[in-house]
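For reference, the structure discussed in these notes is given below.
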Amino acid sequence: MRKYFFLASLILAFSCKSENEETKPKLNDITESVYASVTISPEVSYFPFTSRAGIIEKIMVQEGDTVSQGQILFKISPSQADNRLVDAQIDLAQTKANYQGTENLLKSIQIEIQTQKQKLTLDSINFKRQENLWSQKIGTAIDYDRAKITYQTSTNNYKSLKEKYDQTKINLRNSYQKAINRVNSEQTSLKEYTVKAEFAGMVYNVFKEVGELLSQQEPFAEIGSVGEFKIKMDIDEVDITKINVGDKVVVSLDAYPNDVFEAVISKIFPKKDEATQTFKVESHFIQVPPRLFNGLSGEANIVVSKRKNVLTIPTDYLLPGNVVMTEDGEKEVKLGIKNMEFVEIVAGLDTNTTISKPKK
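So the sequence shown is residues 2 to 361, counted in the numbering used here.
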């Protein structure tokens, strides 16, 4: 009976031991990569908006249209802008007539100046004559004083009219210039109710319809480059220091489930996005898919390091704290690069060491 009990115990012990998965470190090539979700976007894009809030009166484009630079995209109802422009044009016509017209105010003052000049000439002659007579003791002091005062008054009036002319000319010129500026301002303001394309591209999205209110700075549509796309990626902050411009990227897109495409890192944005706690990174295809669309999504692996013929173990044999389970118990190891499948062992193990897979 004891013999059978011992045999059963031996079989049980052997079966428990065989349940532990074991392996030995092996020499392999290993590649470390950083995972990222990807979104395809136009190489260049922008969102046209209006600086004048109002009701959308007319939309000249639709999604999928290609537009040229300067092409009208949409119009906002100008509300009172048309009336203000008309008032400004009327004011301009009036100020121009006052300044340059055939019956302008300056010509009227010029006539007054000419009349006063003629009177001044006569008063000057009369005063000189009275002055000569008075010097010869001919005539009365009253006549002399009257002629002198009349001449002085004419002189002052003439100077006053000339000053009036100069000041009026300045005032009319300023009023005319202000009216021109006002018309230009109203015309510019009216143009702001018509929004044009900043550059040639495709209309990828239109966010508004005719009759809807469009606020200042609110985007009306998305317009981007045609046929030129970039890959936008979000990288976790724990991985961002591993990535450099020029690193190779292996991209898989949901639209091409059986294909992978090569790309290269072209830009790393220096500031973390606080909302997502990630860094924005851009790359460009080396091997471009047959057709691309704005908004396609997928996954990417950024190759950050490669090692050839190095000692590796399966990643799932590694315990927390860089420890593995050997026949002699737990042993700490020094790691190199790693990926989802393997981890490089720099020190602590050799190809003769048997390690066990941790129990889950």
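All residues carry an ideal CB built from backbone N, CA and C; glycine is no exception.
Point to revise | Paired residues, beta bridge with Ala348 - DSSP | key: Lys335
Review point. When burial is assigned at 16 or more other CB atoms within 10 Å of the CB, is Lys270 buried or exposed?
Key: It is worth fixing the name first, because residue 270 is Phe in this sequence and not Lys. It counts as exposed.
Review point. What's the call for Ile126, buried or exposed, on a 16-neighbour Cβ count within 10 Å?
Key: Burial state of Ile126 is exposed, judged by a 10 Å Cβ sphere holding fewer than 16 other Cβ atoms.
Check your understanding: Taking C-beta to C-beta, are Leu293 and Val325 nearer than 8 angstroms?
Key -> no
Check your understanding: Does the beta-carbon of Val45 have 16 or more other beta-carbons within 10 angstroms, so that it is buried, or is it exposed?
Key -> exposed
Check your understanding: Looking at the unbroken alpha helix (DSSP H) that takes in Ile236, where does it start and where does it end?
Key -> That residue, Ile236, is in no alpha helix (DSSP H); its beta strand (DSSP E) goes 230-237.
Exercise for review: Can you give me the Cβ contacts of Met2 inside the same chain, cut-off strictly under 6 angstroms, excluding the 5 residues immediately before and after it?
Suggested key: With a pLDDT of only 40 at Met2, under the threshold of 50, the placement of this residue in the model should not be trusted, and no figure is reported.
Check your understanding: Under the DSSP definition of a beta bridge, which residues are partnered with Phe262?
Key -> Val252
Point to revise | Complete alpha helix (DSSP H) runs within the segment 137-212 (minimum length 4 residues, chain order) | key: 142-192
Review point. Cα separation between Lys273 and Ser298?
Key: 21 angstroms
**Study point:** Burial state of Gly202, where buried means 16 or more other Cβ atoms lie within 10 Å
**Key:** buried
Point to revise | Sheet register partners of Val68 (DSSP bridge) | key: Gly202
Check your understanding: When the Cβ atoms of the segment 28-40 are set against those of the segment 306-320, are three or more pairs found closer than 8 angstroms?
Key -> yes
Practice item. Using only alpha-carbon positions, find the residue among Glu210, Ile287, Asn158 that is nearest to Gly247. Key: Ile287
Check your understanding: By the 10 Å Cβ neighbour count, where 16 or more other Cβ atoms means buried, how is Ser216 classified, buried or exposed?
Key -> exposed
Point to revise | Buried or exposed by the 16-neighbour rule on C-beta atoms within 10 Å, applied to Asn302 | key: With a 10 Å radius around the Cβ and a threshold of 16 neighbouring Cβ atoms, Asn302 comes out buried.
Practice item. Enumerate in chain order the residues of its own chain whose CB-to-CB distance from Gly225 is below 8 angstroms, with the five nearest sequence positions on each side excluded. Key: Ser42, Pro43, Glu44, Val45, Ser46, Tyr47, Gly202, Met203, Tyr205, Asn295
Check your understanding: What is the rounded straight-line gap between the Cα of Val39 and the Cα of Glu33?
Key -> Between Val39 and Glu33, the C-alpha separation is close to 19 angstroms.
Point to revise | beta strand (DSSP E) segment containing Val43, residue limits | key: Reading off the sequence shown, one finds Pro at residue 43, where the question assumed Val. Taken as a continuous stretch (DSSP letters only), the beta strand (DSSP E) holding Pro43 covers 27-43.
**Study point:** Beta-carbon contacts of Asp144 that lie in its chain and below 7 angstroms, excluding the five residues immediately before and after
**Key:** Gln131
Check your understanding: According to the Cβ coordinates, are Ala198 and Leu106 closer than 8 angstroms?
Key -> No, Cβ-Cβ distance for Ala198 and Leu106 is not below 8 angstroms.
Review point. In terms of DSSP beta bridges, what is Asp274 paired with?
Key: Asp274 is bridged by DSSP to Thr279.
Review point. Three-state secondary structure (DSSP) at Thr24?
Key: strand
Check your understanding: Can you tell me the Cα-Cα spacing of Thr169 and Lys97, whole angstroms?
Key -> 13 angstroms
Check your understanding: How is Leu134 classed by DSSP in three states: helix, strand or coil?
Key -> Here Leu134 sits in helix by DSSP.
Check your understanding: Skipping 5 residues on each side, what residues in its chain have a beta carbon closer than 8 angstroms to that of Ser306?
Key -> Thr32, Glu33, Lys243, Ile338
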